[in-house]
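Residue numbers (this note's numbering): 5 to 253.
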């Protein structure tokens, strides 16, 4: 089936995430929902609201909500909440959504388990969960940790007021989603910087060893999911997007 491209007039900025992430997520949603569909969606954290703005342009009838630790600017097209995402969500009792998105959020706050639990709690059965995160398993990150004990965006030493502190790996996010009733449909890597390709020869050697290990690793996870988590491209692409659907009881 041919994927529909985003409308030419839609201005998708980078926002508060890596290059290409918003465009990838929006394209996937544009091919999942009809333009006139009146679904409900919440974006956590919503940041400046750019992602919600794009959703509104694509889906004029959608009911959009958002929340963040800092009071979001007034937004006529969405219902916004000032909220601590490590605590219970302050939504009206019984409120549920067809779509929950979290773009580059889990690296910003602790208690990922509670956040995932709360997100799946407000997601309708059969609803879509989109979770994105920075990839700290790139070859550049591995070399950085080997020589300097730090990752690309996580320093070896945190200041007391450090903002990005939660280095949550993909295997933990996959585990949390699956144990909270979310069936993972796809994982896509994005945000490739051409300058990183200078490490391609070394990446081939490193991935060959990793591939052999994964082939021999016995696990109860579906084999297809294992390879979606660790394709060759994860050696270079700096961000990944997990697409899931809440199971229907």
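Built from N, CA and C at the ideal position, the CB exists for glycine as well.
Source: prediction; values computed, not measured.
Residue 148 carries a helical assignment under DSSP once its states are collapsed to helix, strand and coil. Annotation for residue 205: the continuous alpha helix (DSSP H) segment containing it runs 204 to 220. By the Cβ test, the stretch 100 to 114 is in contact with the stretch 122 to 142, since at least three Cβ pairs between them sit closer than 8 Å. For the 8 Å CB-CB criterion, residue 62 and residue 76 do not form a contact. Excluding its 5 nearest sequence neighbours in each direction, residue 104 has C-beta neighbours in its own chain below 6 Å: 46, 123, 127, 133, listed in chain order. By alpha-carbon distance to residue 231, the top candidate from 153, 175, 43 is 175. Across the structure, residue 82 and residue 68 are spaced so that their CA atoms are roughly 5 Å apart. Separation of residue 48 and residue 71 (C-alpha to C-alpha, rounded to the nearest whole angstrom) is 5 Å. Beta bridge pairing from DSSP links residue 69 with 46, 83.
In the three-state scheme derived from DSSP, where H, G and I count as helix and E and B as strand, residue 26 is classed as helix.
Contact check for residue 131 and residue 101: beta-carbon distance about 6 Å, within the 8 Å limit, so the pair qualifies. Boundaries cannot be given for residue 113, as no alpha helix (DSSP H) includes it and DSSP labels it neither H nor E. In this chain, the beta strand (DSSP E) harbouring residue 132 covers 127 to 138. Note that the C-beta distance between residue 18 and residue 34 is not below 8 Å.
Counting only residues of its own chain and dropping the five nearest sequence neighbours on each side, residue 142 has a CB closer than 8 Å to the CB of 156, 200, 238, 239, 240, 241, 242.
Shown here, residue 178 sits in a helix according to DSSP, grouped into three states. In this structure, DSSP gives residue 188 an extended state, which the three-state scheme calls strand. Rounded to whole angstroms, the separation of the alpha carbons of residue 187 and residue 42 is 24 Å.
The distance from the Cβ of residue 177 to that of residue 248 is about 10 Å, inconsistent with a contact at the 8 Å cut-off.
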